[in-house]
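Colleague: Shown below is the structure under consideration.
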Amino acid sequence: MDALTTLRSRTVVLPVRDIDTDQIIPARFLTTTTREGLGEALFHDLRYDQDGAERADFALNDPATRGCEILVAGNNFGCGSSREHAPWALLDYGFKAVVSTEFADIFRNNSLKNGLLPIIVDVDTHEWLMANPGVELSIDVETSRLELPDGRAIEYPIDAFARYCLTQGIDQLGYLLQQSDAIATFEETRPWKP
Amino acid sequence: MSDATTLFEKVWTEHVVVPETAETPAVIYIDLHLIHEVTTPQAFSLLRERGLAVRRPDLTLATMDHSTPTTPVASFRDLAVVGESAANQIRQMEDNCRDFGIDLYGFGSEHRGIVHVIGPELGASQPGKTIVCGDSHTSTHGAFGALAFGIGTTEVGHVLATQCLLQRKPKSLAVNVSGRLAAGVTAKDVILAIIGEIGVDGGTGHVIEYRGDAIRALDMESRMTICNMSIEAGARAGLIGPDDTTIDYLARRPRVPQGDAWESAVRRWRSLCSDDDAEFDRTVSIDASALQPMVTFGTNPGMVVGVNDPVPDASDASFRKALDYMQVTPGKPMSENPVDVVFVGSCTNGRLSDLQQAAGILEGRKVADGVRMLVVPGSQQIKRQAEELGLHRIFADAGAEWRESGCSMCLGMNGDTVPSGQLSVSTSNRNFEGRQGIGARTVLASPATAAASAVTGRVTDPRKLT
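Protein chains in written order, with this note's numbering: chain A, 184 to 377; chain B, 23 to 488.
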């Protein structure tokens, strides 16, 4: 996982709430056995019509949004299936952060474990971002701050441990493996065995 | 502040290996890890890259369900997996389980089935356990008073390697369901009504405990239907305190403790309940006696309405987009909509009692002309039990397809899909855009409503056919 400390990018906006992980990446792309190359499947059925042609009204098909690393989406982004292919696809496409008023729990967990930053903002800021696609935002991951074009900075909530792992570019398995003595003691001393 | 605790807190506390701090999440021990072919290949690859073993293969239960075909065959050797990548994924699952010493209920196993159906069926899902799986419907196992939740593939790797997860403690939400269900109203209708009430993000960050006399009156399969869809309300998990119904269901199943160990397990299980004065972070109450059969009208499980009630209206863009996709008119009931496909199955409603519910409607009747109906048992065991009861003949005589077990048309990644533009009445759990196939329009309903809709060719209140 690459370290993510700062990010400066224009936004691309999907003004729809409850975007589920089936829409982020449809199930038929889940027969893969790797994490790579899923960007092409990202939002597949929203991006392409059934003949495979780009849908002109979908934000990601607007040439002006190419290279944008911050996605702004409606409330409750990433609901539904636990598929980690959703953050894998977003990252492979080039996104590094998603901004919403709320994320589904599993999607949020999966994102943080892969270096995709879920940023929760207040309703007013969110409404402004939804109404102003393409604005440039600055994110300082170390201080959990999102800076708006007018210079106003908003502190967003993030788990301290997840932030540490993101900024150091380390995964969490190493930390868990260091707990092996405590795990062995737990297994030996618990009052009942599964 | 009293010392009274909720069932969730009791199970959580018992599994804390390292307590959480401001800087680090808790290390939580996992008693049962369910795995399937779709969300594990990348986790096993990570183990191979780092030279790690599976810490507790004995606490890992593996099957194949998502990309497996359900076309009827004389022998499992005839099962033809749809697509080379799915076939490769299935081969990798077999290789990974063999190489890491995990028993796999694979093709040819009489115990193969949907992971959330076989865990309970084998008696592996037990009160007080922590249960995880790379699948959001892991909440199903909460019906036994277990803390059961879905995880991503990175976390699957964590559990394989350490049998533990890093977790922050969620909040608690009590959903009190009181009153007696009217005839023809089922657990599916209850959970759809609950999701409609609290919304698809109403449970985010919370573990739900379903309580009240209406929940106590439900059998285990109905309780599993309720807990299964906790994730559709955004909840981390959903659980129900164990009681005689739970213990009677588990008795004599292959993976429960035997002999004296059974007696001591039952004593422990009976102590697993929320204390009378335990405090929940939030409480919601539902009157079950007022419910009618429920159906969804939009593109998430919270967009739900009584089958005979008018579809509501709203002006916001997301709501309008959903109605346009579904080709549904506000103000008119769903019962006016013609049906193309009916799917009975899935981890939500693919158990024996669900099939009996559907068969009860179909017996002596025919599936309407032009409607395709698939009945997909949740496991090979359920298939066998249904055939012993002659249910397969009722389905076949009515003109429905009787299939092998699997996830099938719930998510359409095994070749079982709904054609674009067609309307499907489905007993599964998600009516998301494209979930059952590109352009498919899904109406979620109970098995009884699904079967009644197959008979009339329109979305139908099952009470009109009994």
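Ideal Cβ positions, reconstructed from N, Cα and C, are used throughout, including at glycine.
Give the interface partners of ASN110(B) over in chain A, defined as CB-CB distance under 7 Å, in chain order.
Modeller: Along the second sequence, one-based indexing puts residue 110(B) at 88. Ordered by position in chain A, the residues that pass the 7 Å Cβ test against ASN110(B) are THR216.
Colleague: Rounded to whole angstroms, what is the Cα-Cα separation between HIS88(B) and HIS138(B)?
Modeller: In the second sequence, counting from the first residue as 1, residue 88(B) sits at position 66. In the second sequence, counting from the first residue as 1, residue 138(B) sits at position 116. About 12 Å.
Colleague: Identify every run of the beta strand (DSSP E) within the region 232-300 of chain A, keeping only runs that are complete inside it and at least 3 residues long; order them along the chain.
Modeller: Taking only runs of at least 3 residues, the beta strand (DSSP E) segments lying wholly in the region 232-300 of chain A are 253-256, 280-283.
Colleague: Pull out every residue of the region 285-299 of chain B whose Cβ sits closer than 9 Å to any Cβ of chain A, in chain order.
Modeller: If the cut-off is 9 Å between Cβ atoms, the region 285-299 of chain B has SER286, ALA287, ARG290 near chain A.
Colleague: Exposed or buried, which one is ASN315(A) when buried takes at least 16 other CB atoms within 10 Å?
Modeller: One-based indexing of the first sequence puts residue 315(A) at position 132. Burial call: exposed.
Colleague: Do ALA287(A) and GLY256(B) have their beta-carbon atoms positioned less than 7 Å apart in this structure?
Modeller: In the second sequence, the residue the question calls residue 256(B) occupies position 234. In the first sequence, the residue the question calls residue 287(A) occupies position 104. Cβ atoms of GLY256(B) and ALA287(A): closer than 7 Å.
Colleague: Whole angstroms is fine: what's the gap from GLU423(B)'s alpha carbon to ARG304(B)'s?
Modeller: For this step, residue 423(B) is matched to residue 401 along the second sequence. For this step, residue 304(B) is matched to residue 282 along the second sequence. Each residue's Cα considered, the two are about 44 Å apart.
Colleague: So who's on the other strand from ALA205(B), going by DSSP bridges?
Modeller: Here residue 205(B) refers to the residue found at position 183 when the second sequence is read from its first residue. Beta-bridge pairing links ALA205(B) to no other residue.
Colleague: Jot down the residue ranges of each uninterrupted alpha helix (DSSP H) in the region 268-339 of chain B, minimum 4 residues, whole runs only, in chain order.
Modeller: Qualifying alpha helix (DSSP H) stretches, in chain order: 282-292.
Colleague: Pull up the distance between the alpha-carbon of ASP305(A) and that of THR284(A), whole angstroms please.
Modeller: Residue mapping note: residue 305(A) aligns to position 122 of the first sequence, counting from 1. Residue mapping note: residue 284(A) aligns to position 101 of the first sequence, counting from 1. The alpha-carbon atoms of ASP305(A) and THR284(A) are separated by roughly 6 Å.
Colleague: In its own chain, which residues sit with a C-beta less than 7 Å from the C-beta of GLN351(A), not counting the 5 before and 5 after it?
Modeller: Counted from its first residue, the first sequence places residue 351(A) at position 168. Once the five neighbours on either side are set aside, the close Cβ partners of GLN351(A) are ALA186.
Colleague: Is the CB of ASN259(A) under 7 Å away from at least one CB in chain B?
Modeller: Here residue 259(A) refers to the residue found at position 76 of the first sequence. So yes, ASN259(A) belongs to the interface.
Colleague: Between LEU68(B) and THR61(B), what straight-line distance do the alpha-carbon atoms span, to the nearest angstrom?
Modeller: Translated into the one-based positions of the second sequence, residue 68(B) becomes position 46. Translated into the one-based positions of the second sequence, residue 61(B) becomes position 39. Rounded to the nearest angstrom, the two C-alpha atoms are 13 Å apart.
Colleague: Ignoring anything shorter than 3 residues or poking outside the region 174-225 of chain B, list the beta strand (DSSP E) runs there in chain order.
Modeller: 186-189, 193-200, all fully within the region 174-225 of chain B.
Colleague: Could you tell me the distance, in whole angstroms, from the CA atom of GLU237(A) to the CA atom of HIS227(A)?
Modeller: Residue 237(A) sits at position 54 when you count from the first residue of the first sequence. Residue 227(A) sits at position 44 when you count from the first residue of the first sequence. So the alpha carbons of these two residues sit roughly 10 Å apart.
Colleague: Can you give me, in chain order, the residues of the region 418-435 of chain B that have a beta carbon less than 8 Å from any beta carbon in chain A?
Modeller: Result list: LEU433, GLY434, MET435.
Colleague: Below 8 Å, can you find three or more Cβ-Cβ pairs linking the region 182-196 of chain B to the region 204-213 of chain B?
Modeller: With a cut-off of 8 Å, the region 204-213 of chain B and the region 182-196 of chain B do not count as touching, because too few Cβ pairs lie within range.
Colleague: Please report the Cβ distance between SER357(B) and THR449(B), rounded to the nearest whole angstrom; I am assuming they are in contact, meaning their Cβ atoms lie under 8 Å.
Modeller: In the second sequence, the residue the question calls residue 357(B) occupies position 335. In the second sequence, the residue the question calls residue 449(B) occupies position 427. SER357(B) to THR449(B), Cβ: 17 Å. No contact.
Colleague: Nearest to PHE365(B) by alpha carbon, out of GLY320(B), ILE237(B), ARG463(B), GLU36(B)?
Modeller: Walking along the second sequence from the start, residue 365(B) turns up at place 343. Looking at the Cα atoms, ARG463(B) is the closest of the given residues.
Colleague: To which residues does DSSP link ALA345(A) through a beta bridge?
Modeller: The residue labelled residue 345(A) in the question sits at position 162 within the first sequence. The partner list for ALA345(A) (beta bridge, DSSP) is empty, contrary to what the question assumes.
Colleague: Quick one: grab the DSSP three-state call for GLY357(A).
Modeller: Numbered from 1 along the first sequence, position 174 holds the residue referred to as residue 357(A). Helix at GLY357(A).
Colleague: Please confirm whether GLN351(A) has its beta-carbon closer than 7 Å to some beta-carbon of chain B.
Modeller: Position 168 of the first sequence, counted from the first residue, corresponds to residue 351(A). No, GLN351(A) does not count as interfacial toward chain B.
Colleague: Taking THR204(A) as the reference, which of TYR347(A), ASN297(A), GLY261(A), SER363(A) has the closest Cα?
Modeller: Here residue 204(A) corresponds to residue number 21 of the first sequence, with the count starting at 1. Nearest C-alpha to THR204(A): GLY261(A).
Colleague: Taking PRO79(B) as the reference, which of SER131(B), THR226(B), ALA183(B), LEU101(B) has the closest Cα?
Modeller: Position 57 of the second sequence holds residue 79(B). For the residues SER131(B), THR226(B), ALA183(B), LEU101(B), the minimum Cα distance to PRO79(B) belongs to ALA183(B).
Colleague: Is the region 98-105 of chain B in contact with the region 148-158 of chain B, if contact means three or more CB pairs nearer than 8 Å?
Modeller: Too few Cβ pairs lie closer than 8 Å, so no.
Colleague: Please check if any C-beta of chain A sits within less than 7 Å of the C-beta of LYS151(B).
Modeller: Stepping through the second sequence from its first residue, residue 151(B) is reached at position 129. Answer yes: the Cβ-Cβ gap between LYS151(B) and chain A drops below 7 Å somewhere.
Colleague: Assuming ARG480(B) and ASN330(B) form a contact by the criterion Cβ under 8 Å, report the distance between their Cβ atoms to the nearest whole angstrom.
Modeller: Locating residue 480(B) in the second sequence gives position 458, counting from the first residue. Locating residue 330(B) in the second sequence gives position 308, counting from the first residue. The Cβ separation is near 12 Å, so there is no contact.
Colleague: Counting pairs of beta carbons, one from the region 354-371 of chain A and one from the region 38-54 of chain B, are three or more of them closer than 8 Å?
Modeller: At 8 Å Cβ cutoff, the stretches touch.
Colleague: What is the rounded straight-line gap between the Cα of LEU274(A) and the Cα of ALA287(B)?
Modeller: In the first sequence, residue 274(A) corresponds to position 91, counting from 1. In the second sequence, residue 287(B) corresponds to position 265, counting from 1. Answer to the nearest angstrom: the Cα atoms are 46 Å apart.
Colleague: Return the residue from the list PHE166(B), LYS354(B), LEU345(B), SER147(B) that minimises the CA-CA distance to PRO276(B).
Modeller: If you number the second sequence from 1, residue 276(B) lands on position 254. It is SER147(B).
Colleague: What distance in whole Å lies between the Cβ atoms of GLY392(B) and GLN171(A), which are believed to be in contact at a cut-off of 8 Å?
Modeller: As displayed, chain A neither begins before 184 nor continues past 377, which places residue 171(A) out of reach and without an answer.
Colleague: Output yes if chain B places a C-beta closer than 7 Å to the C-beta of ASN315(A); else output no.
Modeller: Here residue 315(A) refers to the residue found at position 132 when the first sequence is read from its first residue. Chain B, which has no Cβ nearer than 7 Å to the Cβ of ASN315(A), makes this no.
Colleague: Can you give the Cα-Cα distance for PRO12(B) and ARG292(B), rounded to whole angstroms?
Modeller: Any property of residue 12(B) remains undetermined from this structure, which presents chain B solely from 23 to 488.
Colleague: Strictly below 8 Å CB to CB, what residues from chain A border HIS180(B)?
Modeller: If you number the second sequence from 1, residue 180(B) lands on position 158. What HIS180(B) touches in chain A: GLN355, LEU356, LEU359.
Colleague: Below 8 Å on C-beta distance, what does SER158(B) contact in chain A?
Modeller: Indexing the second sequence from 1 puts residue 158(B) at position 136. Those within 8 Å of SER158(B) in chain A are GLY263, SER264, SER265, ILE289.
Colleague: Between which residues of its own chain and LEU384(B) is the CB-CB distance below 6 Å, once the five residues before and five after are set aside?
Modeller: Position 362 of the second sequence, counted from the first residue, corresponds to residue 384(B). The residues are ILE416, ALA420, ALA473.
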